[in-house]
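So the protein sequences, as listed, match chains B and F.
In short: position in the first sequence from 1, add 2, done, that's our numbering.
In short: position in the second sequence from 1, add 196, done, that's our numbering.
See structure below.
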Amino acid sequence: MHESQLRLLMFLQDLLFLQKEMQDFQVVEKYEEMGFPLDRKEKIEEAIREVTEQLDRDLYHRFQQLAKKYDRPMAPVKKGVCYGCFVAAPTGSKLITQHKDIIEFCNHCGRILYRTD
Amino acid sequence: MELKELFNASNVNLDLEAQGKDEVLLELINLLHLDEKAKEMLFKMLKKRENLGSTGIGKGFAIPHCRSLVVDKLNVAFARQRQGIDFNSIDDKPAHYFFLIVAPPVEISNYYLPVLGKVAQFCKISDITSRLDKLTKVEDFLKLLADSGS
Ligand SMILES: [Zn+2]
C-alpha cells in the first residue's frame, strides 16, 4: 500500500522521538529498572533510514530545516488551531475541511500540520 | 494518576483470541478505538519498539508501549490470552497478560513513564498471575487494580 508522505513524516517523527529517548541515559536507565531490556537500541537508526528513503527529498529537507528550528517540527491542528504556535490555521485548509493526508504548513510558524481526530 | 482510573469496559479484553505476537498487538490496538490509519501507524511503531528489546518482561507479562503522534492523550489497554503467546519474553515463557500503553510525544501531565512504572510494579505483585487467571468479568479486573493500590 502506498503511504502518504504525511504519514511517513509522522512515523519518522515518532522514530526520532524514540531515538532521542534511547540516547537519554536517565530514561534508558528508568526503562531498564522497570524490567525492559534495551539490548538492540541501534536498530532505531535502521528504522529511521528505511522511512527517510521513502520521503520526498524536498519535503525531507524542509522537515530537517524545521527540526533545527523547533523541538517539534510537526504540530497537531485542533479546532483549527496550530498547536505549535497556537495561531489559527487559514480557513481554506484542506487538512481541516477534508481531513486529507496532505502536507500543509502552518502559515504562522511553518510547522508541518497533522490531525489526530 | 491511578491505574484503575485509566481502564474501563472498552479497553479491557479478558478473552483475547490472538495467536501470535503481531495479532496480539493488533487486537490490543483495537481496544484503543482509533481510526484505521492511526491503527496502522501505531502497529508499525510498536513493532519498531519491540525490535529494540522485547517488552515481554517475564512471568507471563508483556507491556508493549510507545509514544506516537497518532494519539493526543495517554491511552491504555489490557488483555488476557489463556493459552499463552510467544512474545520473546526475557524468561522465554509464553505471555498471557498484556498491557498496552501509548502516549503522545509531549504530554502536559507527563503520565507516560509513571504509568508504565506502575504497570510494571503491578506485574511484580507476588500472586498476581493467579488472581488474573481467576477473573471472569472486566469489573473484577478493575477491582483487582483498586485492591492492589494501583
Ligand atoms: Zn503554527
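Think of the CB as a built atom: it goes at the ideal place given N, C-alpha and C, for glycine as much as any other residue.
Computed from a predicted model, the values in this text were never measured in an experiment.
Next on the checklist: Going by DSSP in three states, residue 204 (chain F) sits in which element: helix, strand or coil?
Outcome noted: It is coil, neither helix nor strand.
Item to check | Pocket of ligand 1 defined by Cβ to heavy atom distance under 6 Å | outcome: Sorted by position in the chain, B:77, B:84, B:86, B:87, B:89, B:108, B:110, B:111, B:113 make up the residues whose C-beta lies under 6 Å from a heavy atom of ligand 1.
Next on the checklist: Applying the 10 Å Cβ sphere with the 16-neighbour rule, what's the burial state of residue 100 (chain B)?
Outcome noted: Classification of residue 100 (chain B): exposed, given that the 10 Å Cβ count is below 16.
Next on the checklist: Along the chain, where does the beta strand (DSSP E) containing residue 76 (chain B) start, and where does it finish?
Outcome noted: First-last of the beta strand (DSSP E) with residue 76 (chain B): 76-80.
Next on the checklist: With H, G and I counted as helix, E and B as strand and the rest as coil, what does DSSP make of residue 116 (chain B)?
Outcome noted: Correct three-state label for residue 116 (chain B): strand.
Item to check | Residue range of the alpha helix (DSSP H) that includes residue 225 (chain F) | outcome: Where residue 225 (chain F) is concerned, the enclosing alpha helix (DSSP H) stretches over 217-226.
Checklist entry - What does residue 116 (chain B) reach in chain F if we use C-beta pairs closer than 7 Å? => result Here the neighbours are 265.
Next on the checklist: Excluding the 5 residues flanking residue 245 (chain F) on each side, which residues of the same chain have their C-beta closer than 8 Å to its C-beta?
Outcome noted: The beta carbon of residue 245 (chain F) sits closer than 8 Å to the beta carbons of 251, 260, 261, 262 from its chain, once the five residues preceding and following it are set aside; these are given in chain order.
Checklist entry - Quick one: is residue 276 (chain F) near chain B, going by C-beta distance under 8 Å? => result The beta carbon of residue 276 (chain F) does not come within 8 Å of any beta carbon belonging to chain B, so the residue lies off that interface.
Next on the checklist: In the DSSP output, what is residue 209 (chain F) paired with across the bridge?
Outcome noted: In DSSP, residue 209 (chain F) forms a bridge with F:275.
Item to check | Residue range of the unbroken alpha helix (DSSP H) whose run includes residue 327 (chain F) | outcome: Element bounds for residue 327 (chain F): 324-330.
Item to check | Simplified DSSP assignment, three categories, for residue 263 (chain F) | outcome: The answer is strand: DSSP assigns residue 263 (chain F) an E or B state.
Checklist entry - So, is residue 3 (chain B) buried or exposed, given that buried needs 16 or more other C-beta atoms within 10 angstroms? => result Only weak support exists for where residue 3 (chain B) lies, its pLDDT of 40 falling under 50; the coordinates are left without a value.
Next on the checklist: Tell me the DSSP secondary structure of residue 302 (chain F) in three-state form.
Outcome noted: Shown here, residue 302 (chain F) sits in coil according to DSSP, grouped into three states, outside any helix or strand.
Next on the checklist: Quick check: the Cα distance between residue 222 (chain F) and residue 235 (chain F), rounded to an integer number of angstroms?
Outcome noted: If you take the alpha carbons of residue 222 (chain F) and residue 235 (chain F), they lie about 8 Å apart.
Next on the checklist: Quick check: what's the CA-CA separation for residue 15 (chain B) versus residue 291 (chain F)?
Outcome noted: Using only the alpha carbons, I get a separation of about 30 Å.
Checklist entry - Quick one: is residue 12 (chain B) near chain F, going by C-beta distance under 8 Å? => result Residue 12 (chain B) belongs to the set of residues whose beta carbon lies under 8 Å from a beta carbon in chain F.
Checklist entry - Between the Cα of residue 34 (chain B) and the Cα atoms of F:328, F:303, F:286, which residue gives the shortest distance? => result Ranking the options by Cα distance to residue 34 (chain B), first place goes to F:286.
Item to check | Cβ contact check for the region 326-335 of chain F and the region 205-223 of chain F: 3 or more pairs under 8 Å | outcome: Three or more Cβ pairs closer than 8 Å define a contact, and the region 326-335 of chain F meets that threshold against the region 205-223 of chain F.
Checklist entry - In terms of DSSP beta bridges, what is residue 281 (chain F) paired with? => result Residue pairing by DSSP places residue 281 (chain F) opposite F:291 in a beta bridge.
Checklist entry - Do residue 264 (chain F) and residue 298 (chain F) have their C-beta atoms closer together than 8 Å? => result By the CB criterion at 8 Å, residue 264 (chain F) and residue 298 (chain F) fall inside the cutoff.
Item to check | Contacts of residue 25 (chain B) in chain F (Cβ-Cβ under 9 Å) | outcome: Within chain F, no residue comes near residue 25 (chain B); the closest Cβ sits about 12 Å away, beyond 9 Å.
Next on the checklist: I need the boundaries of the alpha helix (DSSP H) containing residue 168 (chain B), first residue and last residue.
Outcome noted: Since the first residue shown for chain B is 3 and the last is 119, residue 168 (chain B) is missing from the structure and cannot be characterised.
Checklist entry - Taking only beta-carbon atoms, is residue 302 (chain F) less than 8 Å away from chain B? => result Yes, because at least one Cβ of chain B sits closer than 8 Å to the Cβ of residue 302 (chain F).
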